[in-house]
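K.L.:
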Amino acid sequence: MFCVLLLSVAKEIENCQNQKKDEEIKVVDYSQFEASTKSGIHADVNRIRQKDEIIRAVVKKRRNSAITCVCFVCMAGISLLKGWIPALICIFIALLFLWRAVGKFSDEYLRELYEEGLLVPGMIVKTEPLTIMAIANMVAQEGAAAVNGCYCLEVKELDGAKKELFEKIPCSCFFCYEGGKYHSSFQPHPLYWGTMDQQEIGEALRQVEEDNRENSKDEWEVLKEIAQKFPDLGNGNMILLDENYVPFGKKNYMDSNYQALNQQGEVV
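Throughout the sequence shown, residue numbering follows my numbering, covering 1 to 268 in sequence.
1. Runs of 3 residues minimum, wholly inside the region 45–127: which ones carry the beta strand (DSSP E) assignment?
2. Does the Cβ of Lys51 have 16 or more other Cβ atoms within 10 Å, making it buried, or fewer, making it exposed?
3. Report all residues from its chain with a CB closer than 7 Å to the CB of Lys217; omit the five preceding and five following residues, and keep chain order.
4. Looking at the structure shown, is Met1 part of a helix, part of a strand, or coil, going by DSSP?
5. Return the bridge partner residues of Val268 from the DSSP annotation.
6. Check the C-beta distance from Ile135 over to Val155 and give it rounded, since I have them as a contact under 8 Å.
7. Do we get a CB-CB distance below 9 Å when we pair Val147 with the residues of chain D?
8. Leaving aside the five residues before and after Arg111 along the sequence, list all residues of the same chain whose C-beta is less than 7 Å from its C-beta, in chain order.
9. Return yes when the C-beta of Phe92 is under 8 Å from any heavy atom of the ligand FAD, and no when it is not.
10. Tell whether a beta-carbon distance below 9 Å holds between Ser36 and Ser172.
11. Using the three-state DSSP reduction, which class does Ala43 fall into: helix, strand or coil?
12. Distance, Cα to Cα, Gln32 vs Val139?
13. Quick check: the Cα distance between Thr127 and Asn215, rounded to an integer number of angstroms?
14. According to DSSP, is Tyr192 part of a helix, a strand, or is it coil?
15. So what does Ala161 bridge to, in DSSP terms?
16. Give the single residue among Phe248, Asp255 and Glu108 whose Cα lies nearest to the Cα of Phe186.
17. Note down the Cα distance separating Gln263 from His183, rounded to an integer number of angstroms.
Laid out in structure tokens, this is it:
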């Protein structure tokens, strides 16, 4: 019985560390670089807390961890009837869940997420499930060859948008930077989650259109092509494109490394 408890503790430590790391990557701005183009919107914090599904998913995990922590504290009290060692183990696990449950998104952080992030083009590429694909330049150091990433984001709701196929959805994003010439990943946050001001979203979209004219290829068309070539990409996955917008890699945004693709878009 004691060995089983020890194994459970070891497994729980590993799970807590992994999930805590996952949540940090999801919500922390790892970018050390000023965004070249920002959204220009005035973010509504209350709306973000209600509508941003990425933020809400992390909050839900933390809430569940808090509930589990309370359960283990109760188990520790019951375990005292059998001995102090099982009780200590339950307390230790409860502390791990408490560590995973702590943290709160400040209003300042949520505003920065939408007002200070890089403005990037996004597009609805599926209506069932409702799926947005966004494209962003992954270059972190000047002089590096161009690499773009296409991120697949499945959402439940996009209040304010028409939710039509190939509708253009401007997004704000921060990058995860782990060193080197390129950012390792990013997550797009549709501006519709950050404001209900259609005029501000329209102005952001016009800015995206203006920036798109400077690209060697129309990135709206790139998004359509990638969505059609990788119809089963899946939520949270990315396709990496070279300077000619040719796919060369596939990865989950949580991963540091990517899987190479051949000319047919298949994993090598």
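For every residue, glycine included, the Cβ atom is placed at its ideal position computed from N, Cα and C. All values reported here derive from a predicted model rather than from experimental measurement.
P.N.:
Quick answer:
1. 118–120 and 122–127
2. buried
3. Tyr245
4. The pLDDT assigned to Met1 is 43, lower than 50, so where the model puts this residue is not dependable; a value taken from the coordinates is nonetheless given after this. If DSSP states are grouped into helix, strand and coil, Met1 belongs with coil.
5. According to DSSP, which records beta bridges pairwise, Val268 is partnered with nothing at all.
6. About 17 Å; that fails the 8 Å criterion.
7. Looking for chain D here will not work: only one protein chain is present.
8. Ala43 and Val45
9. Within the structure as shown, the ligand FAD is missing, as the structure has no ligands at all.
10. no
11. coil
12. For Gln32, the predicted model reports a pLDDT of 45, less than 50, meaning its position is unreliable; a value from the coordinates is still stated below. Going from the Cα of Gln32 to the Cα of Val139 covers about 12 Å.
13. 27 Å
14. helix
15. In the DSSP output, where bridge partners are listed per residue, Ala161 has none listed.
16. Asp255
17. 24 Å
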